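Chemist: Can you read through this structure? Questions will come right after.
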Amino acid sequence: MPPKSLSTLFLGLELATDQLRASIVDENLELVGVEAIDFDTEVPEYQTQGGIFTTPGDAYTTPVEMWLKAFDLLFEKLSKNYDLTRIKAIGGAAQQALVWWKAPVPPLQKLDPRLPIHAQITSQSFSLQNPPIAQDTSAHTHALALEAALGGPDHMAARVGTCAHPSLVAAQLLRVREAWPDIWSRTGRVQMASSFLASLMTGQLVGMGEAEAASTGLWAHAGTQPGVQSHWDEGVMEIVGGSREEGHRIWSWLGDVDISGGRRRIGNISKYLVERYGFDPEAIVTPFTSDYLSTYLSLCPSPSDAVLSFGPMDVMMAPASNYLPTRLFNIFPHPAQDANEKKRYVIMLTSRNADVPRALVRDMYTKSWSAFDRLVAIVPPGGSIGLDDKLFSFWLLQGDTYPFAHVKGIYRFETGVKVNEFRDLRANPRCLLESQILSFRVRWSRTIPAGVFGSASGRARNTNSTPSPIAGAQQKRATGVNNSNNMGLPFDPYDYAPLPARIIATGAAANFPSIANLAGDVFNAPVLMPTTQIDAAQVIPHRNAPAPGFPSRASIGGAYIARWVWGKEKGTPAGTGGGHWSAADRVCFTDWREAGRLFHGPEHAVGRIMRSQRQRATRWLDSEHSVDPRVL
Numbered sequence: 231m232p233p234k235s236l237s238t239l240f241l242g243l244e245l246a247t248d249q250l251r252a253s254i255v256d257e258n259l260e261l262v263g264v265e266a267i268d269f270d271t272e273v274p275e276y277q278t279q280g281g282i283f284t285t286p287g288d289a290y291t292t293p294v295e296m297w298l299k300a301f302d303l304l305f306e307k308l309s310k311n312y313d314l315t316r317i318k319a320i321g322g323a324a325q326q327a328l329v330w331w332k333a334p335v336p337p338l339q340k341l342d343p344r345l346p347i348h349a350q351i352t353s354q355s356f357s358l359q360n361p362p363i364a365q366d367t368s369a370h371t372h373a374l375a376l377e378a379a380l381g382g383p384d385h386m387a388a389r390v391g392t393c394a395h396p397s398l399v400a401a402q403l404l405r406v407r408e409a410w411p412d413i414w415s416r417t418g419r420v421q422m423a424s425s426f427l428a429s430l431m432t433g434q435l436v437g438m439g440e441a442e443a444a445s446t447g448l449w450a451h452a453g454t455q456p457g458v459q460s461h462w463d464e465g466v467m468e469i470v471g472g473s474r475e476e477g478h479r480i481w482s483w484l485g486d487v488d489i490s491g492g493r494r495r496i497g498n499i500s501k502y503l504v505e506r507y508g509f510d511p512e513a514i515v516t517p518f519t520s521d522y523l524s525t526y527l528s529l530c531p532s533p534s535d536a537v538l539s540f541g542p543m544d545v546m547m548a549p550a551s552n553y554l555p556t557r558l559f560n561i562f563p564h565p566a567q568d569a570n571e572k573k574r575y576v577i578m579l580t581s582r583n584a585d586v587p588r589a590l591v592r593d594m595y596t597k598s599w600s601a602f603d604r605l606v607a608i609v610p611p612g613g614s615i616g617l618d619d620k621l622f623s624f625w626l627l628q629g630d631t632y633p634f635a636h637v638k639g640i641y642r643f644e645t646g647v648k649v650n651e652f653r654d655l656r657a658n659p660r661c662l663l664e665s666q667i668l669s670f671r672v673r674w675s676r677t678i679p680a681g682v683f684g685s686a687s688g689r690a691r692n693t694n695s696t697p698s699p700i701a702g703a704q705q706k707r708a709t710g711v712n713n714s715n716n717m718g719l720p721f722d723p724y725d726y727a728p729l730p731a732r733i734i735a736t737g738a739a740a741n742f743p744s745i746a747n748l749a750g751d752v753f754n755a756p757v758l759m760p761t762t763q764i765d766a767a768q769v770i771p772h773r774n775a776p777a778p779g780f781p782s783r784a785s786i787g788g789a790y791i792a793r794w795v796w797g798k799e800k801g802t803p804a805g806t807g808g809g810h811w812s813a814a815d816r817v818c819f820t821d822w823r824e825a826g827r828l829f830h831g832p833e834h835a836v837g838r839i840m841r842s843q844r845q846r847a848t849r850w851l852d853s854e855h856s857v858d859p860r861v862l
């Protein structure tokens with residue numbers, strides 16, 4: 231048993247695709263310890279690869295029972311290595327997946343502390359034992375059918391805040407009802423994976439927060455409508471359930487939604503965990519959220535920053551001030567804010583064709599990541615040194631979000647003509663990455679006219695001193711005068727003002743200098759990375775999971791939320807401070823240090839990699855300048 235201490239600690243959990251992770255921080259948010267259970271190596275009896283099963287039909291699933299066994303193993307590790315009585319608050323996050331409880335749901339509050347959880351809650355407790363995960367696309371046709379039933383992508387986005395995509399909860403529910411009616415009939419409760427993990431911590435079933443409810447395709451967010459409260463959309467539930475009765479059943483499965491903004495506890499730690507592992511019975515459990523939003527919280531984005539997370543799905547996130555849903559992006563209520571202040575949001579742009587196309591191009595053309603990185607660095611922008619013979623490629627191996635929902639395949643273009651293969655095979659890695667990052671650049675620019683950024687739409691950028699070559703065309707277009715120089719775009723690609731001032735990058739792909747430089751080139755902004763990721767990349771450079779001994783960003787975000795909620799309850803200086811987004815109200819002060827400008831061969835890439843030198847993880851300010859971790 232580790233020695234006892236009076237200092238206070240906070241635990242953050244992450245149920246990822248491949249691991250169950252934990253990070254522990256102190257009151258100053260200094261990292262104290264890290265633990266993880268790797269599904270493939272530490273629970274090998276489930277025979278997963280990367281924590282998942284792949285089956286025909288673009289199905290990616292995972293066994294819930296494996297999560298339970300990993301939960302037991304993780305807390306055995308924690309209890310041996312740390313004094314768990316010091317942990318006063320617990321937060322967390324999880325991948326996007328559903329847990330289908332069989333009726334009747336086993337009473338979590340009656341678990342026997344003499345036995346591990348996986349011995350008491352077995353696979354027979356679940357009506358769907360291997361649920362789909364976020365990479366699953368088997369519900370793609372169901373998502374498109376739901377979108378059509380709601381009047382198309384624009385109408386669907388206006389109604390439920392998102393357009394169709396395969397991992398949409400509403401689409402997964404519809405698929406189960408149509409494909410497996412026996413599973414549907416046996417189900418007694420459906421939870422998001424984050425709520426499931428929180429339920430294990432509290433010993434009682436926990437509902438989801440509003441940020442996750444907004445991702446289901448079933449939630450009608452009130453936005454700024456006076457006198458209207460956000461709620462489950464009964465009409466959409468009726469469509470998914472096939473009848474009004476089944477729609478009400480879905481409502482009962484999902485339960486109530488916490489619309490408090492994530493500022494209050496969801497319960498105390500369970501009696502089971504207190505008696506089995508020695509937790510303080512007064513320890514609180516704070517709201518859990520999605521892994522992407524928790525990662526966002528951990529990275530301290532300012533109002534003019536954007537977070538670019540590379541992984542199985544590439545995701546770009548940024549703070550937004552107005553709820554104006556469109557088919558161009560997903561928008562979620564910020565998962566950590568006070569209910570009595572003006573609502574703030576997070577916009578999210580996603581691409582499902584991310585790590586898989588990158589790995590396929592590596593295998594087809596280079597055989598190693600180092601060679602892949604080198605080719606991206608030495609091949610000129612556009613795959614050719616000439617100005618009139620640029621190459622373009624689009625790898626759409628899975629049905630993606632709008633506007634690629636109906637498109638699948640590999641498309642290459644050379645001198646404006648569709649070709650089966652480039653004459654210079656070496657251009658493939660760079661052209662793939664250019665299309666992936668330029669897609670985010672174009673979609674980002676299309677979000678500006680939507681008005682989600684409010685008065686901060688300038689993103690705090692210094693405008694380009696060089697006049698835009700199409701500025702006149704933009705002005706003529708605004709007056710209705712046709713001009714062939716407007717490039718057919720609704721925005722000026724030479725105007726840097728609306729772009730993020732900085733890109734904060736995470737994920738294994740960001741470890742490659744060529745990719746980070748390319749992102750910097752495309753957005754004309756410095757690319758920043760957390761020191762912990764850079765250091766971890768020295769150990770395992772090509773894996774999204776953190777190296778042993780290094781924290782995951784999502785688990786860190788959960789620990790930050792735990793500290794924030796605990797501080798508000800205790801009246802410590804970690805209060806909200808009015809909820810302002812100004813620099814003075816940020817909970818973490820991070821020193822960013824330039825690691826150096828990289829030279830990319832003939833194209834003289836100007837993108838920069840900035841490295842964070844975190845002298846302290848954060849510094850809680852005194853009561854005069856109390857802040858909250860919403861800006862983490």
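Start counting the sequence shown at 231; every next residue gets the next number (the working numbering). The beta-carbon is built from N, C-alpha and C at its ideal position, and this holds for glycine as well. Since the structure is predicted, the reported quantities are computational estimates derived from the model, not experimental observations.
(1) What are the uninterrupted segments assigned as alpha helix (DSSP H) that are 4 or more residues long and contained completely in the segment 261 to 310, given in chain order?
(2) Per the DSSP calculation, TYR205 is bridged to which residue(s)?
(3) Go to THR631, then tell me how far its beta strand (DSSP E) extends in each direction, as first and last residue.
(4) Where do the ends of the beta strand (DSSP E) carrying THR417 lie?
(5) Take the Cβ of SER397 as the centre, count every other Cβ of all protein chains shown within 10 Å, and call the residue buried at 16 or more, exposed below.
(6) State the Cα-Cα distance for the pair PRO613 and ALA266, rounded to the nearest angstrom.
(7) Whole angstroms is fine: what's the gap from ASP619's alpha carbon to TRP674's?
(8) Going along the chain, which unbroken runs of the beta strand (DSSP E) with 3 or more residues stay wholly within the segment 493 to 564?
(9) Taking 7 angstroms as the cut-off, decide whether the C-beta atoms of ILE363 and THR292 are in contact.
(10) Would you say the segment 475 to 493 touches the segment 590 to 605, given that touching needs at least three Cβ pairs under 8 angstroms?
(11) Can you look up SER581 in the DSSP assignment and give me helix, strand or coil?
(12) Between VAL470 and chain C, is the shortest Cβ-Cβ distance under 7 angstroms, so that the two count as touching?
(13) What is the DSSP secondary structure of TYR188, counted as helix, strand or coil?
(14) Going by C-alpha distance, which of ALA333, ALA375 and GLN326 is nearest LEU404?
(15) Going by the CB atoms, is the gap between THR677 and LEU558 shorter than 7 angstroms?
(16) Tell me, please, which residues DSSP counts as bridged to GLN326.
(17) Alpha carbon to alpha carbon, how far is THR736 from GLU475?
(18) With DSSP run on the structure shown, which of helix, strand or coil describes TYR870?
(19) For a quick check, are the C-beta atoms of ASP288 and SER368 less than 7 angstroms apart?
(20) According to DSSP, is PHE753 helix, strand or coil?
(21) In this structure, how does DSSP classify HIS461 when only helix, strand and coil are distinguished?
(22) What does a CB cutoff of less than 7 angstroms around ARG316 pick up in its chain, not counting 5 residues either side in sequence?
(23) How would you label THR525, buried or exposed, when you count the other beta carbons within 10 angstroms and need 16 or more for buried?
(24) Looking at VAL545: is its Cβ nearer than 7 angstroms to the Cβ of PHE562?
(25) Can you give me the C-alpha to C-alpha distance between PRO531 and GLN354, rounded to a whole angstrom?
(26) Given a cut-off of 7 angstroms, decide if ARG416 and LYS299 are closer than it, judged by their beta-carbon atoms.
(27) Measuring only the C-alpha atoms, how far is LEU621 from PRO730?
(28) With a threshold of 7 angstroms on Cβ separation, who are the neighbours of ASN774 within its own chain once the five nearest residues in sequence on each side are excluded?
(29) Round the Cβ separation of GLY433 and LYS501 to the nearest angstrom and send it over; I've been treating them as touching at under 8 angstroms.
(30) What would DSSP say about GLU244, mapped onto helix, strand or coil?
(31) Report the three-state DSSP secondary structure of ARG344 (helix, strand or coil).
(32) Among ASP270, PRO343 and LYS638, which one has its Cα closest to the Cα of PHE509?
(33) Ordered along the chain, which non-local residues of its own chain (more than five positions away) have a Cβ less than 8 angstroms from that of VAL586?
(34) Measuring CB to CB, does TYR290 end up less than 7 angstroms from ILE282?
(35) What does the Cβ neighbour count give for GLN325, buried or exposed, with the cut at 16 atoms within 10 Å?
Modeler: This is what the structure holds:
(1) If only complete runs of 4 or more residues are kept, the segment 261 to 310 shows the alpha helix (DSSP H) at 269 to 272, in order along the chain.
(2) With the chain represented from 231 up to 862, any question about residue 205 goes unanswered, as that position is not in the structure.
(3) By one-based count along the sequence shown, residue 631 stands at place 401. First-last for THR631: undefined, no H or E at that position.
(4) What you label residue 417 is simply residue 187 of the sequence shown in a count that begins at 1. Element bounds for THR417: 417 to 422.
(5) The residue given as residue 397 occupies position 167 in the sequence shown. Under this definition SER397 is a buried residue.
(6) For the purposes of this step, residue 613 is taken as residue 383 along the sequence shown, with counting starting at 1. For the purposes of this step, residue 266 is taken as residue 36 along the sequence shown, with counting starting at 1. Residue 613 is actually Gly in this sequence, not Pro. Cα to Cα, GLY613 sits roughly 41 angstroms from ALA266.
(7) As a position in the sequence shown, residue 619 is number 389, starting the count at 1. As a position in the sequence shown, residue 674 is number 444, starting the count at 1. One C-alpha to the other measures close to 26 angstroms.
(8) List check, beta strand (DSSP E) in window: 514 to 520, 535 to 539, 544 to 550 and 560 to 563.
(9) Walking along the sequence shown from the start, residue 363 turns up at place 133. Walking along the sequence shown from the start, residue 292 turns up at place 62. Yes. Within cutoff.
(10) Pairwise C-beta distances place the segment 475 to 493 out of contact with the segment 590 to 605, as fewer than three of them are shorter than 8 angstroms.
(11) Position 351 of the sequence shown, counted from the start, is the residue given in the question as residue 581. DSSP places SER581 in strand when its eight states are reduced to three.
(12) Given the protein chain composition of this structure (a single chain), no chain C is represented.
(13) Given that the chain is displayed from residue 231 to residue 862, the structure contains no residue 188 and the question cannot be resolved.
(14) Here the question's residue 404 lines up with position 174 in the sequence shown. Per the Cα distances, ALA375.
(15) For this step, residue 558 is matched to residue 328 along the sequence shown. For this step, residue 677 is matched to residue 447 along the sequence shown. Cβ distance < 7 angstroms, so LEU558 and THR677 count as in contact.
(16) In the sequence shown, the residue the question calls residue 326 occupies position 96. For GLN326, no pairing in a beta bridge is given by DSSP.
(17) Within the sequence shown, the letter at position 506 stands for residue 736. Within the sequence shown, the letter at position 245 stands for residue 475. When only Cα atoms are considered, THR736 and GLU475 end up about 44 angstroms apart.
(18) Residue 870 lies beyond the stretch modelled for the chain, which goes from 231 to 862, so this question has no answer here.
(19) The count along the sequence shown starts at 1 and reaches residue 288 at position 58. The count along the sequence shown starts at 1 and reaches residue 368 at position 138. Result yes, Cβ atoms of ASP288 and SER368 sit closer than 7 angstroms.
(20) Start at 1 with the first residue of the sequence shown, and residue 753 comes out as number 523. Under the three-state reduction of DSSP output, PHE753 falls in the helix class.
(21) Taking the first residue of the sequence shown as 1, we reach residue 461 at position 231. Three-state DSSP puts HIS461 in a strand.
(22) For this step, residue 316 is matched to residue 86 along the sequence shown. Here the set comprises SER235, SER237, THR238 and LEU239.
(23) The count along the sequence shown starts at 1 and reaches residue 525 at position 295. Looking at its Cβ environment, which holds 16 or more other Cβ atoms inside 10 Å, THR525 is buried.
(24) For the purposes of this step, residue 545 is taken as the residue at position 315 of the sequence shown. For the purposes of this step, residue 562 is taken as the residue at position 332 of the sequence shown. No.
(25) Locating residue 531 in the sequence shown gives position 301, counting from the first residue. Locating residue 354 in the sequence shown gives position 124, counting from the first residue. About 43 angstroms.
(26) If you number the sequence shown from 1, residue 299 lands on position 69. If you number the sequence shown from 1, residue 416 lands on position 186. In this structure, ARG416 does not lie closer than 7 angstroms to LYS299 by Cβ.
(27) Counting from 1 along the sequence shown, the entry for residue 621 is found at position 391. Counting from 1 along the sequence shown, the entry for residue 730 is found at position 500. Using only the alpha carbons, I get a separation of about 27 angstroms.
(28) Position 544 of the sequence shown, counted from the start, is the residue given in the question as residue 774. Counting only Cβ-Cβ distances below 7 angstroms, and skipping sequence neighbours, we find GLY541, GLY737 and ALA738.
(29) Numbered from 1 along the sequence shown, position 203 holds the residue referred to as residue 433. Numbered from 1 along the sequence shown, position 271 holds the residue referred to as residue 501. Your pair GLY433 and LYS501 checks out as a contact, with CB atoms roughly 6 angstroms apart and the cut at 8 angstroms.
(30) Numbered from 1 along the sequence shown, position 14 holds the residue referred to as residue 244. In this structure, GLU244 counts as strand in the three-state DSSP scheme.
(31) The count along the sequence shown starts at 1 and reaches residue 344 at position 114. Correct three-state label for ARG344: coil.
(32) In the sequence shown, residue 509 corresponds to position 279, counting from 1. In terms of CA proximity to PHE509, PRO343 leads the group ASP270, PRO343 and LYS638.
(33) The residue labelled residue 586 in the question sits at position 356 within the sequence shown. Contacts found: PRO542, LEU627 and GLN628.
(34) By 1-based counting over the sequence shown, the position of residue 290 is 60. By 1-based counting over the sequence shown, the position of residue 282 is 52. Yes, these two residues count as a Cβ contact at 7 angstroms.
(35) Here residue 325 is taken as the residue at index 95 of the sequence shown, counted from 1. Its Cβ being crowded by 16 or more others within 10 Å, GLN325 is buried.
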